[in-house]
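In our numbering, the protein residues as written are 53 to 295. For every residue, glycine included, the Cβ atom is placed at its ideal position computed from N, Cα and C. A quick write-up on the structure given underneath.
Written out as structure tokens, the structure is:
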């Protein structure tokens, strides 16, 4: 069918990626998850592929395989890592790794599926950045590469608009039900309570908050929105938060 939706979701095994997969499946999408591991749940329209997106060659190979087997209409690049460190302790290897994960992986994936998107005159690309792109202590490599996603999206949006392909960014604030968040903030801790208090809406975000925003950008009807960054952060992007 011309309106059949097939989405690649990176990091689909947990957190925001898993919730995005679920919401897309509920909406009738075929979904291909690319992640370090397979989800601990299944669906007849979910295809889970294990791949290390830090490995450029492996990413390119998997992307080519998926592009050959599926008519991909959507790409949601959600996979990410933090690697926190204060400036004196930042390792160049961490900057290179996060550049590959946050920028190189979506580049390789989109390049693989782009010819078919152009041929179909339709595509939706959503990059999951972070409120941290605005700056946050200990986030040199993370903030720099997450900010880079916004420049990537704005450039792709201009290049691909004539082909019916939109490219947008979602920048979540703190999302409590993710492994990345829990690796930094223990559940039930004073730090968590203080963080929630510092957010204007007075709560930590959830993966479904972000996934609903993904579904907005993913909609076939939303063809007049491209090159934009939507902060799903409870107002944190217009204030100051301390973790």
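Would you list the one or two residues that DSSP bridges to residue i?
| i | result |
| --- | --- |
| residue 82 | 58 |
| residue 101 | 86 |
| residue 253 | None; residue 253 has no bridge partner. |
| residue 137 | 191 |
| residue 227 | 257 |
Looking at the structure shown, is residue i part of a helix, part of a strand, or coil, going by DSSP?
| i | result |
| --- | --- |
| residue 148 | helix |
| residue 87 | strand |
| residue 71 | helix |
| residue 53 | Confidence in residue 53 is poor, its pLDDT being 43 and thus under 50, which makes the residue's placement too unreliable to answer from. |
| residue 156 | helix |
| residue 290 | helix |
| residue 233 | helix |
| residue 299 | As shown, the chain starts at 53 and ends at 295. That puts residue 299 outside it, with no answer to give. |
| residue 65 | coil |
Which residue wins for smallest C-alpha separation from residue i, given the options the options?
| i | options | result |
| --- | --- | --- |
| residue 201 | 255, 165, 282 and 253 | 282 |
| residue 180 | 257, 220, 143 and 85 | 220 |
| residue 52 | 63, 147 and 59 | Because the chain here runs from 53 to 295, residue 52 falls outside it and cannot be looked at. |
| residue 356 | 74, 66, 284 and 166 | Outside the shown range of the chain, which is 53 to 295, sits residue 356, and nothing can be said about it. |
| residue 133 | 139, 113, 124 and 152 | 152 |
| residue 177 | 186, 138, 256 and 207 | 207 |
| residue 163 | 76, 70, 117 and 273 | 117 |
| residue 189 | 174, 175 and 138 | 138 |
| residue 213 | 85, 195 and 173 | 173 |
| residue 203 | 248, 121, 278 and 145 | 278 |
| residue 274 | 99, 288, 252 and 216 | 216 |
| residue 147 | 166, 112, 195 and 119 | 195 |
| residue 81 | 115, 67, 61 and 89 | 61 |
| residue 250 | 187, 272, 239 and 226 | 226 |
| residue 104 | 74, 72, 83 and 63 | 63 |
| residue 171 | 124, 157, 154 and 193 | 124 |
| residue 231 | 85, 150, 70 and 55 | 70 |
| residue 140 | 241, 192, 131 and 74 | 192 |
| residue 92 | 67, 119, 269 and 160 | 67 |
| residue 237 | 286, 143, 136 and 266 | 136 |
| residue 265 | 286, 90, 247 and 106 | 286 |
| residue 115 | 291, 166, 290 and 74 | 166 |
| residue 85 | 160, 77 and 99 | 99 |
| residue 267 | 126, 108, 106 and 90 | 126 |
| residue 269 | 119, 110, 128 and 88 | 128 |
| residue 280 | 110, 57 and 223 | 223 |
| residue 253 | 289, 276 and 243 | 289 |
| residue 121 | 107, 101 and 131 | 101 |
| residue 111 | 73, 233, 96 and 157 | 157 |
Starting from residue i, trace the alpha helix (DSSP H) in both directions and tell me its first and last residue.
| i | result |
| --- | --- |
| residue 239 | It is not in any alpha helix (DSSP H) - residue 239 carries neither H nor E in the DSSP assignment. |
In terms of residues, what are the limits of the beta strand (DSSP E) holding residue i?
| i | result |
| --- | --- |
| residue 118 | Note, residue 118: premise wrong, no beta strand (DSSP E); alpha helix (DSSP H) at 108-121. |
| residue 266 | Careful: residue 266 lies outside any beta strand (DSSP E), inside the alpha helix (DSSP H) at 259-270. |
| residue 281 | 281-284 |
| residue 128 | 126-129 |
Problem - Sequence ranges, alpha helix (DSSP H) only - wholly within the stretch 158-223, length at least 4 - result: 192-212
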